[in-house]
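Since the structure comes first, as structure tokens, the remarks are kept for the end.
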Amino acid sequence: MSDGWTAGNANDDAAETRGWLVGHFIDPSQGVRASKDVEVKWANHPAGDKRPEWTFDDQRTTLVMLVSGEFRVEVTGGGKIMNRQGDYVMWGPGVDHSWEALADSVVLTVRWPSAT
Numbered sequence: 000m001s002d003g004w005t006a007g008n009a010n011d012d013a014a015e016t017r018g019w020l021v022g023h024f025i026d027p028s029q030g031v032r033a034s035k036d037v038e039v040k041w042a043n044h045p046a047g048d049k050r051p052e053w054t055f056d057d058q059r060t061t062l063v064m065l066v067s068g069e070f071r072v073e074v075t076g077g078g079k080i081m082n083r084q085g086d087y088v089m090w091g092p093g094v095d096h097s098w099e100a101l102a103d104s105v106v107l108t109v110r111w112p113s114a115t
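Residue numbers (numbering that gives the first Met the number 0): 0 to 115.
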């Protein structure tokens with residue numbers, strides 16, 4: 000790592016933060032990964048992994064994109080089963096959600112702003 004830039008592996012670098020690679024909760028010693036503007040998560044979900052409870056009144060915008068596998072996201076008013084690489088679900092502030100990995104899946108999540 001150097002001032003103003005970094006490189007690494009998302010699986011390794013986010014292991015201690017439940018998959019979160021960028022956000023306000025990253026120690027400032029990690030340089031540009033510490034951000035108050037955006038959060039980025041790289042998540043490996045085994046088949047059957049799920050968040051059965053729904054979020055409540057999150058006031059951020061969220062994008063969840065499928066890298067591999069089959070993954071379902073339910074949001075207030077609908078939902079989507081993602082099974083093709085690049086499929087995504089995006090929602091704005093105040094929309095609740097839950098999710099489930101229907102097969103072993105890798106998903107990339109981006110949220111903004113980073114909550115404090």
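We put the beta carbon where it would ideally sit given N, CA and C, even for glycine.
None of these values were measured; they are calculated from a predicted model.
Less than 8 Å between the beta carbons of lysine 35 and histidine 44, yes or no? Counting from 1 along the sequence shown, the entry for residue 35 is found at position 36. Counting from 1 along the sequence shown, the entry for residue 44 is found at position 45. No, the pair does not count as a contact, with Cβ atoms beyond the cut-off.
Give the single residue among Tyr87, Arg110 and Ile25 whose Cα lies nearest to the Cα of glutamine 58. The residue you call residue 58 lines up with position 59 of the sequence shown. The shortest C-alpha separation from glutamine 58 is found at Arg110.
Measuring only the C-alpha atoms, how far is tryptophan 19 from valine 31? Here residue 19 is taken as the residue at index 20 of the sequence shown, counted from 1. Here residue 31 is taken as the residue at index 32 of the sequence shown, counted from 1. One C-alpha to the other measures close to 14 Å.
Given a cut-off of 8 Å, decide if serine 97 and glutamate 69 are closer than it, judged by their beta-carbon atoms. Within the sequence shown, numbered from 1, the residue matching residue 69 stands at position 70. Within the sequence shown, numbered from 1, the residue matching residue 97 stands at position 98. Glutamate 69 is not a Cβ neighbour of serine 97, given a cutoff of 8 Å.
If we require 3 or more residues per run, which beta strand (DSSP E) segments fall completely within the region 18-77? The region 18-77 contains these whole beta strand (DSSP E) runs: 19-21, 38-44, 60-67 and 70-74.
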